[in-house]
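To keep things clear, I will list the structure first and then write my remarks on it.
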Amino acid sequence: MSSRAEESNTEWLMGVMCTFYALAIFSVCLRMYTRLVVVKSPGLDDYFMVAAAACATVGMATHGVQSQNGMGKHYEFITPPMRVEYSKFGFFQSIINNTGGISILKVSIALSLLKLGGGNRAYTNTLYAFLALTAAVTIYAWCTLIFFCDPVHGYWDKTINPKCYDIKLFVVFGLVHTAVNMFTDVAFALLPIPIIWMLQMKKRTKIYLCIVLSLGLIAVVMGVLKATYQIKHGGDRDVAFMHGVQFWAFLQLNTGIIAACAPTLKPLLGRTLHLGSTAKPRSYGNSSSAMYFDSKGNNRSRSNRGYINHTDNDEVDIELSRTSRQILGGGVGSFHAGAVGGAEALRQQQQQHGGGSSSASKGADSQSEEFILQGTAEGGILRTTEISIQR
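This is the structure we're talking about:
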């Protein structure tokens, strides 16, 4: 008996949850730094992500209170007042963190993925359908919790003899909520991959984006583990010792936050991971200067003629600018113009400056990646110049 009394999972549970929470908050901070400082273009999806992080913060605080009221201890060594406090904060944990936080996270992810849609109505409508499903299942889960007992505080205080519906039905409702969340996690992870794979970019960049978008599948594993404890919830009095349902639900939220923030860090990490393009596509826009070769091979500058020179430094996010969304959605594709007489002009430029042909050939070898980046020319036409050298 004494050895059982000394058994405790409290430190282990709090240590793991604090680690995942810290990583999630750090990811959100990096995301907001990237959007506010590096890119200077925050979106609605970013603010929803901050709200999800706030829910995780509330969840971490409630876990802290539960750790002082029996979390990680065996049932028989938890006093009745502590059981009440443990269950009460578990109720708010389920309302705010396990249900509200996960739903807000999914809204943020869906808003981010909508930027990839362009004119693809099927893709966009599918995401809106998942948003509607998320809203419906959230309301359903809240009603399941709030109306479980009459009065509501009978959920955590059984000394008042509340009227509660069958615990088995409560478990079934919880499993349905978990299953729907797992389904949307899979959908959000896999849905954008075909869109990304059609874009013109380096294969390495495609693989990177597909991997980071698929990180959301880790949350599915967390959901499966949570479901195993939900099944046993009704007949297990020693739920506080493993803290299974709430532990895995909290990790599911924080893992989802980390996975959702990873794709937005490309402008911050792109150079380190060598994900940028050496090509310099040009798009029609307002004003700038760009180099081009005319039909005689002469080198000319089009200052203030509506060309904007795009480089890798313009990368901001895995999202489509309006220009590239129109091109992709309308099925226009990319425009390639061969430069007649370009070889002679390149030789002249090489003699004058040195290395010109090498730089140009690198640009020609690279594929345009600006389809997934926020371009500087709104409503313009993307133009990629492909130069071939013949000796």
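Going by UniProt numbering, the sequence shown runs without a break in its numbering and finishes at 391. Built from N, CA and C at the ideal position, the CB exists for glycine as well.
A buried status is given to Ser27, since no fewer than 16 other beta-carbon atoms sit within 10 Å of its beta-carbon. Check the Cα spacing between Thr264 and each of Leu111, Gly234 and Gln246: the tightest is with Leu111. The beta carbon of Ile160 lies closer than 7 angstroms to those of Gly154 in the same chain, with the five residues before and after it left out. Judged by pairs of C-beta atoms under 8 angstroms, the region 234-254 touches the region 97-112, as three or more such pairs exist.
For His243, there is no enclosing alpha helix (DSSP H), as DSSP marks it with neither H nor E. The C-alpha of Ala259 lies about 8 angstroms from the C-alpha of Ser214. For Lys202, the secondary structure class from DSSP, reduced to helix, strand or coil, is coil. Here Asp166 carries a coil assignment [DSSP, helix/strand/coil]. Three or more beta-carbon pairs separated by less than 8 angstroms link the region 162-180 to the region 231-239, which places the two stretches in contact. The beta-bridge partner set that DSSP reports for Asp150 consists of Lys163.
With contacts defined as CB atoms closer than 7 angstroms, Leu114 and Leu131 fail to qualify as a contacting pair. Between Met71 and Thr34, the gap from beta carbon to beta carbon reaches 7 angstroms or more. DSSP places Arg35 outside any alpha helix (DSSP H), giving it a letter other than H or E.
Take Lys226, set aside five residues on each side of it, and the residues of its chain with a beta-carbon closer than 7 angstroms to its own are Thr178, Val245, Trp248, Ala249 and Gln252, in chain order.
Between the alpha carbons of Thr79 and Val137 lies a distance of about 35 angstroms. Looking at His74, Met17 and Gly64, the one whose alpha-carbon comes closest to that of Met222 is Met17. Taking the Cβ atoms as the reference, Thr124 lies roughly 15 angstroms from Val107, outside the contact range of under 8 angstroms. Excluding the 5 residues flanking it on each side, Ile257 has same chain C-beta neighbours closer than 8 angstroms at Ala24, Ser27, Val28, Met49, Ala52, Ala53, Ala56 and Leu105, in chain order.
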